[in-house]
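Undergrad:
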Amino acid sequence: MDTHLSDVWFQLTDLQVSHGSGAVVTTTDGIDYLDLTSGIGVVNTGHCHPRVVEAIREQAGRFLHAQVNCYRHDQLEPLAERLAQITPDGIDRFFISNSGAEATEAAVKLAKQSTGRPHTVVFQGSFHGRTHMTMAMTTSKAIYRAGHAPLPSGVFVAPFPYTFLTGEDEDQAVDRCLKEFDLLLKTQTSPDEVACVMIEPVLGEGGYVPAPARFLHGLLERCRAHGILFVADEVQTGFGRTGELFAIEHAELQPDVLVMAKGIASGFPVSAIGASAEIMSRWTQGSHGGTYGGNPMGCAAALATIEVMTEPGFLDHAAAVGARFRAGLDVLAERHRCLAENRNLGAMLATEIVDPEGCSDAGRTGAILQYLLHEERTIAMNCGPFGSTLRWIPPLVIADEQIDDALAALDRAVSATA
Ligand SMILES: Cc1ncc(COP(=O)(O)O)c(C=O)c1O
């Protein structure tokens with residue numbers, strides 16, 4: 020097809036779409052597809068949730084842009100106040116930006132200035148973004164970094180307990196990874212040089228692997244002991260995805276800095292970082308900012324999204340979506356040996372695909388995705404270091420029948436690609 024668009028974007032499908040509603044997107048030819056990607060974990064409230072659309076429409080008639088350095092529009096403080104109510108205790112000051120990468124990078128800048136320290140520790144398999152600093156913090160796939168060197172220094176990578184890959188049980192993996200973390204602080208950077216430790220509570224792009232609560236608490240303990248800020252990157256895990264507003268809530272843990280994006284505004288480009296007033300007060304005024312961050316339409320979309328998500332039943336439904344999907348995947352795994360492991364935290368689900376020898380099978384995974392797309396009109400995607408992990412990220416408003424349809428489609432796709 021003739022195009023004036025860059026080829027740099029990886030293309031999951033060649034669909035040309037014109038609109039979406041709930042869990043369905045419709046092509047320009049009028050064909051419906053079930054969207055199990057949620058636009059990579061963004062439209063948690065479903066495509067075009069009517070209340071979010073209405074809030075954007077109403078706001079568009081009053082202000083498209085009201086630059087935060089120049090003046091404060093009337094959606095800004097209400098959004099910050101609402102975020103303070105829904106985020107973990109102790110987090111009550113917010114900086115608002117546009118994308119996930121901008122927010123993870125902002126969290127590092129905040130951590131550097133508020134601690135006066137230079138270094139950042141991240142985890143093997145993390146994805147934190149595509150700007151130069153966040154590329155340096157990303158180890159989910161080599162392609163993101165290759166050819167982009169030199170990357171910023173000061174980033175150290177600790178192991179993440181991905182038991183399917185290492186063959187350990189959870190306790191063994193957690194013990195080993197905490198020991199390796201301690202060793203890193205003895206051998207690669209001393210703790211008093213480390214501004215922050217940043218972790219995804221569920222490794223996202225790196226394989227949809229929930230971090231065990233004991234691992235998160237072990238890291239937090241070490242951060243507290245050394246005055247290091249604990250940063251939770253909830254860009255993909257946040258806003259209801261795991262059945263709680265934030266995945267960190269499952270571990271009952273309070274991060275020093277919380278990073279939010281994707282689901283925060285149901286598709287309008289908004290991201291935010293939150294921290295205590297004390298930490299934020301050490302971020303030199305004027306040293307960071309952005310032209311569009313805190314855009315009034317984005318704030319209106321985020322406020323409407325939060326209202327939808329905090330209504331009784333929304334998060335229960337999200338948890339039920341995860342449970343129903345997982346139960347169905349487990350039934351399929353009994354029938355198909357290539358579905359080697361299912362795991363999930365709420366509606367953030369993964370299935371590892373292996374060949375008859377038990378090795379990660381990217382070819383079969385790709386074939387399953389193609390079958391789902393072309394024969395079943397179902398859009399799904401993969402993740403993980405070998406591309407052999409199917410990831411399921413349905414809009415949280417998906418109906419039970421749509422989940423059952425997706426599972427039946429997967430059953431046929433696995434049989435057809437054997
Ligand atoms: C955990 C996590 N952090 C950061 C990012 C970067 O977000 P963005 O693509 O909006 O820059 C992503 C994107 O997938 C992500 O999943």
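Following this note's numbering, the numbering of the sequence shown begins with 20 at its first residue and continues without gaps. Glycine included, each C-beta is placed from N, C-alpha and C at the ideal position. These numbers were taken from a predicted model, which means no experiment stands behind them.
(1) Under the three-state reduction of DSSP, which class applies to Gly317: helix, strand or coil?
(2) For Glu420, name the three-state secondary structure that DSSP assigns.
(3) Does Ala338 come within less than 8 Å of chain D when only Cβ atoms are used?
(4) Answer with buried or exposed for Val87, where buried requires no fewer than 16 other C-beta atoms within 10 angstroms of its C-beta.
(5) Note the first and the last residue of the continuous beta strand (DSSP E) segment covering Thr45.
(6) Counting only the same chain and skipping the five closest in sequence on each side, list residues whose C-beta sits under 7 Å from that of Val44.
(7) My understanding is that Leu31 touches Thr46, with C-beta atoms under 8 Å, so please give their C-beta distance in whole angstroms.
(8) Could you check how far apart the C-beta atoms of Cys322 and Arg101 are, in whole angstroms? I think they sit under 8 Å.
(9) With Trp411 and Gln132 assumed to form a contact (beta carbons below 8 Å), what rounded beta-carbon distance in angstroms separates them?
(10) Return yes when the C-beta of Glu219 is under 7 Å from any heavy atom of ligand 1, and no when it is not.
(11) If we ignore side chains and look at the alpha-carbon of each, how far apart do Leu368 and Gly246 end up?
(12) How far does the alpha helix (DSSP H) with Tyr52 in it extend, from its first residue to its last?
(13) Indicate the three-state DSSP secondary structure (helix, strand or coil) for Ile115 in the structure shown.
(14) Buried or exposed, going by whether 16 or more other CB atoms sit within 10 Å of the CB of Cys242?
(15) Measuring CA to CA, which of Leu248, Gly313 and Ile59 is closest to Gln273?
(16) Using 7 Å as the cut-off, classify the Cβ of Val254 as near or not near the heavy atoms of ligand 1, replying yes or no.
(17) Just the Cα atoms here: how many angstroms apart are Phe175 and Thr139?
(18) With a Cβ-Cβ cutoff of 8 Å, do Pro107 and Leu277 count as a contact?
(19) Give the single residue among Ala437, Asn361 and Asn314 whose Cα lies nearest to the Cα of Ala79.
(20) What number of angstroms, rounded off, separates the C-alpha of Glu199 from the C-alpha of Pro178?
(21) Taking all protein chains shown into account, decide if Ala449 is buried (16 or more other Cβ within 10 angstroms of its Cβ) or exposed.
(22) Assign His68 to one of three DSSP states: helix, strand, or coil.
(23) Give a single yes or no on whether His147 has its beta carbon closer than 7 Å to a heavy atom of ligand 3.
(24) Assuming the contact rule is C-beta atoms closer than 8 Å, Thr237 and Val193 should be a hit. Round their C-beta distance to whole Å, please.
(25) Should Asp211 be labelled buried (16 or more other beta-carbon atoms within 10 Å of its own) or exposed?
(26) State the beta-bridge partners of Met367 as determined by DSSP.
(27) Please indicate yes or no: does the CB of Ser118 lie closer than 7 Å to some heavy atom of ligand 1?
(28) State the Cα-Cα distance for the pair Arg354 and Pro220, rounded to the nearest angstrom.
(29) Let me know the secondary structure DSSP gives Gly403 once reduced to three states.
(30) Would you say the beta carbon of Ala280 comes nearer than 7 Å to a heavy atom of ligand 1?
(31) For the region 69 to 110, list the alpha helix (DSSP H) runs that are entirely contained and at least 4 residues long, ordered along the chain.
(32) From Gly60 to Arg260, what does the alpha carbon distance come to, in whole angstroms?
(33) I'd like the list of long-range same chain contacts for Val62, defined as Cβ closer than 7 Å, with 5 residues on each side in sequence excluded.
(34) How far does the alpha helix (DSSP H) with Leu334 in it extend, from its first residue to its last?
(35) Starting from Met217, follow its DSSP beta bridges and name the residues at the other end.
(36) Count the C-beta pairs between the region 330 to 341 and the region 377 to 389 that are closer than 8 Å, then say yes if the count reaches three, no if not.
TA: According to the structure data:
(1) Note: Gly317 maps to helix in three-state DSSP.
(2) Of the three classes helix, strand and coil, the one that applies to Glu420 here is helix, per DSSP.
(3) Note that chain D does not occur in the displayed structure, where there is just one protein chain.
(4) For Val87, the number of other beta carbons within 10 angstroms of its own is at least 16, and it is reported as buried.
(5) It spans Val43 to Thr46 - the beta strand (DSSP E) in which Thr45 sits, taken as one unbroken run.
(6) Taken in chain order, the residues that qualify are Val36, Tyr52, Asp54 and His66.
(7) Actually they are not in contact, since the Cβ atoms of Leu31 and Thr46 sit about 14 Å apart, beyond 8 Å.
(8) Looking at the sequence shown, residue 322 is not Cys but Leu. Taking 8 Å as the upper bound for CB-CB distance, Leu322 and Arg101 are in contact here, some 6 Å apart.
(9) Rounded, the Cβ-Cβ distance is 39 Å, inconsistent with contact.
(10) Yes.
(11) Separation of Leu368 and Gly246 (C-alpha to C-alpha, rounded to the nearest whole angstrom) is 34 Å.
(12) Segment Asp51 to Asp54 is the beta strand (DSSP E) holding Tyr52; no alpha helix (DSSP H) there.
(13) In the structure shown, Ile115 falls within a strand segment according to DSSP collapsed to helix, strand and coil.
(14) With at least 16 other beta carbons inside 10 angstroms of its own, Cys242 counts as buried.
(15) Ranked by how close their Cα comes to the Cα of Gln273, the residues Leu248, Gly313 and Ile59 have Leu248 in first place.
(16) Result yes, Cβ under 7 Å from ligand 1.
(17) Whole-angstrom Cα-Cα distance: 6 Å.
(18) Closer than 8 Å, so yes.
(19) If we check each option's Cα against that of Ala79, Asn314 comes out closest.
(20) Glu199 and Pro178: Cα-Cα distance of roughly 7 Å.
(21) Outside the displayed span of the chain (20 to 437) sits residue 449, for which this structure offers no information.
(22) His68 falls in the coil class under three-state DSSP.
(23) This structure simply doesn't include ligand 3; it includes ligand 1 instead.
(24) Per the sequence shown, the amino acid found at residue 237 is Gly instead of Thr. Their Cβ separation, rounded to whole angstroms, is 7 Å, which keeps Gly237 and Val193 in contact under 8 Å.
(25) Asp211 counts as exposed, since fewer than 16 other C-beta atoms from the protein chains shown sit within 10 angstroms of its C-beta.
(26) In the DSSP output, where bridge partners are listed per residue, Met367 has Leu364.
(27) Checking every heavy atom of ligand 1 against the Cβ of Ser118, one is found closer than 7 Å.
(28) Those two C-alpha atoms are separated by around 31 Å.
(29) DSSP places Gly403 outside both helix and strand once states are collapsed to three, so it counts as coil.
(30) Checking every heavy atom of ligand 1 against the Cβ of Ala280, one is found closer than 7 Å.
(31) Runs of the alpha helix (DSSP H) inside the region 69 to 110: 69 to 79 and 95 to 105.
(32) For Gly60 and Arg260, the distance between alpha carbons rounds to 8 Å.
(33) Ser285, Gly286 and Pro414, listed in sequence order.
(34) For Leu334, the uninterrupted alpha helix (DSSP H) run begins and ends at Phe333 to Arg354, by DSSP.
(35) Note: Met217 is bridge-paired with Val250 in the DSSP secondary-structure output.
(36) Touching, no.
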